[in-house]
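There are 2 protein chains.
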Amino acid sequence: MKLYDYFRSSAAYRVRIALNLKGVASERASVHLRRGAQRAEDYLAMNPQGLVPALVTDSGDVLTQSLAIIEWLEESYPQPPLLPRDAPGRARVRALSLAIACDIHPLNNLRVLKYLSTELGLPQAERDTWYMHWIREGLPALEALAKPGAGRFLFGDQPTIADVCLVPQLYNARRYNVSLDDYPTLLRADENANKLDAFAAAHPDRQEQPQ
Amino acid sequence: MKLYDYFRSSAAYRVRIALNLKGVASERASVHLRRGAQRAEDYLAMNPQGLVPALVTDSGDVLTQSLAIIEWLEESYPQPPLLPRDAPGRARVRALSLAIACDIHPLNNLRVLKYLSTELGLPQAERDTWYMHWIREGLPALEALAKPGAGRFLFGDQPTIADVCLVPQLYNARRYNVSLDDYPTLLRADENANKLDAFAAAHPDRQEQPQ
């Protein structure tokens, strides 16, 4: 199995965590996003979206989109489960994950920040305001959504896909110095997750930095 | 079951289609997004994200996030299936869905267009350019991703969650007069989907318009 990765991509970070939680080994190839390597012809032939991550399975299937890859891992390597057993619990975990993956993260993607800069001519300060705005709008809602079902983790006492999405998002929030004091549920899950080697080993600082 | 809906919300449109495909009846409540009804206290108490859709199940569970709701429907009402049986096929369908739900739609959401207007002071023409940009960036990639596995629908010959996401996205593209000529695979799936009553009956024009 081979993961096309970028150390700071939140979506790739999620898949690194999930692979670690499942104990699935994979070869890694770093796609240098800041240098545009995702736009190289051979990469686009594999993943026409020109995004990371992409996972090439042992059967040669090319899987894209972090949450689709993680659902595939869940189906292919059921232990330990990253979704609860019951349908309402699964819906809750998926909703928490999507509240991050659809409603916060896409707005702060590199390609969007580039558009703000090159097409709209926004200076760094206004791009930072944009970035923080979507985190500050998203996290209070996430805290409220998570609170009733949270335990040591975002849903219950075992890590789920929701924590897999949370940890990279809070990493981003901290990079922009967004205060997290108002989100005790999120902080507790994040802290417990990062105590696990599966999460800690997936941290951007512990990846090979592209040259 | 009760769906909190808005006729023109793409995410709600997806859930309307999925409910119809599954043959699941539901009461409807329209949440007037343009008037800010999603920010009303009682709505936020139910869905802290202040977004539509939300689905209240017969057991009283409140489900949010369109794709989480649709996965719940798939698990709770397996017939007809909206995902293939094999894990790589399921990953492919989910990736197509997420390429729309994460990489196109969130950028063109009402709350984002509002930010462009109120916070950045962008005139209508530049907001339209923004809107069309993300569609024009997303659809060629989607066409290329879908092409190898497409049949009458976006994946194979039966409608899947990918078509459920595609049809509302192409509805949006047409509202902005984005040319779709270069996407024959998408157009074929869209055309075949809209021939089905489940899709046709979910169209915004066929919903109760909020007063």
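Chains A and B supply the protein sequences, listed in that same order. Start counting the first sequence at 540; every next residue gets the next number (this note's numbering). Start counting the second sequence at 540; every next residue gets the next number (this note's numbering). Just so you know, even glycine gets a beta-carbon here, dropped at the ideal spot from N, CA and C.
- In the DSSP annotation of this structure, the continuous segment of the beta strand (DSSP E) that includes A:S569 starts and ends at E566 to S569.
- V651, Y654, L655, E658, L659 and L661: these are the residues of the segment 651 to 664 of chain B whose beta carbon lies less than 9 Å from some beta carbon of chain A, given in chain order.
- The way I'd put it, the segment 646 to 659 of chain A doesn't touch the segment 619 to 632 of chain B; fewer than three beta-carbon pairs between them come closer than 8 Å.
- Against chain A, a Cβ distance below 8 Å from B:P627 picks out T596, S598, D600, L602 and W611.
- The segment 566 to 581 of chain A makes no contact with the segment 608 to 620 of chain A, as fewer than three CB pairs between them are under 8 Å.
- B:D642 has a beta carbon lying within less than 8 Å of a beta carbon in chain A.
- If the five residues before and after B:G589 are omitted, its C-beta is found closer than 8 Å to the C-beta atoms of Q577, R578, Y582 and L583, all from its own chain and listed in chain order.
- The beta carbon of B:A740 is closer than 7 Å to those of N559 in its chain, skipping five residues each way along the sequence.
- Residue nearest to A:A630 within the set B:A683, B:R567 and B:A593 is B:A593 (criterion: CA-CA distance).
- Taking CB atoms only, B:E614 has a neighbour in chain A less than 8 Å away.
- For B:A557, not one C-beta of chain A is nearer than 8 Å to its own C-beta.
- The beta carbon of A:I556 lies closer than 7 Å to those of V703, V706, A737, F738 and A741 in the same chain, with the five residues before and after it left out.
- Between B:Q604 and A:A638, the C-beta gap is smaller than 8 Å, which places the two residues in contact.
- Rounded to whole angstroms, the separation of the alpha carbons of B:L719 and B:P698 is 20 Å.
- Comparing C-alpha distances from B:V563 to each of B:R547, B:T596 and B:M585 shows the shortest one belongs to B:T596.
- Across the set A:L649, A:L681, A:D744 and A:P679, the C-alpha of A:L649 shows the shortest separation from the C-alpha of A:Y670.
- Contact with chain A is found for B:P587, since one of that chain's Cβ atoms lies less than 8 Å from the residue's Cβ.
- Runs of the beta strand (DSSP E) lying entirely within the segment 561 to 644 of chain B, each at least 3 residues long, are 566 to 569, 593 to 595 and 601 to 603 in chain order.
- Membership of B:D544 in any alpha helix (DSSP H) is not indicated; the residue belongs instead to the beta strand (DSSP E) covering K541 to D544.
- Contact with chain A is found for B:I608, since one of that chain's Cβ atoms lies less than 8 Å from the residue's Cβ.
- Contact note: B:L646 reaches chain A through P645, L646 and V651, using a C-beta cutoff of 8 Å and chain order.
- B:Y715 is classed as exposed because its beta carbon has fewer than 16 other beta carbons within 10 Å across all chains shown.
- The beta-carbon of B:L684 is placed less than 8 Å from the nearest beta-carbon of chain A.
- Less than 8 Å separates the beta-carbon of A:L725 from that of A:L678.
- When secondary structure is reduced to three states using DSSP, B:A689 falls in the strand class.
- A straight line joining the alpha-carbon of B:R633 with that of B:H644 spans about 15 Å.
- In the three-state scheme derived from DSSP, where H, G and I count as helix and E and B as strand, A:G677 is classed as helix.
- Unbroken alpha helix (DSSP H) runs of no fewer than 4 residues, entirely contained in the segment 697 to 749 of chain B, are found at 700 to 714, 723 to 733 and 736 to 739, following chain order.
- B:A630 belongs to the set of residues whose beta carbon lies under 8 Å from a beta carbon in chain A.
- Considering only B:A712, B:G628 and B:P587, the residue with the shortest C-alpha distance to A:S598 is B:G628.
- Scanning its chain for C-beta atoms nearer than 8 Å, with the 5 sequence neighbours on each side dropped, one finds around A:V651 the residues P645, in chain order.
- The residues V632, L635, S636, L693 and F694, in chain order, have a CB closer than 6 Å to that of B:A701 in the same chain once the five nearest residues on each side in sequence are set aside.
- Under DSSP, A:G660 shares a beta bridge with no residue.
- For B:I609 against B:R553, the beta-carbon gap comes to about 7 Å, under 8 Å, which counts as contact.
- By the beta-carbon neighbour count (other beta carbons within 10 angstroms, threshold 16), B:K734 is exposed.
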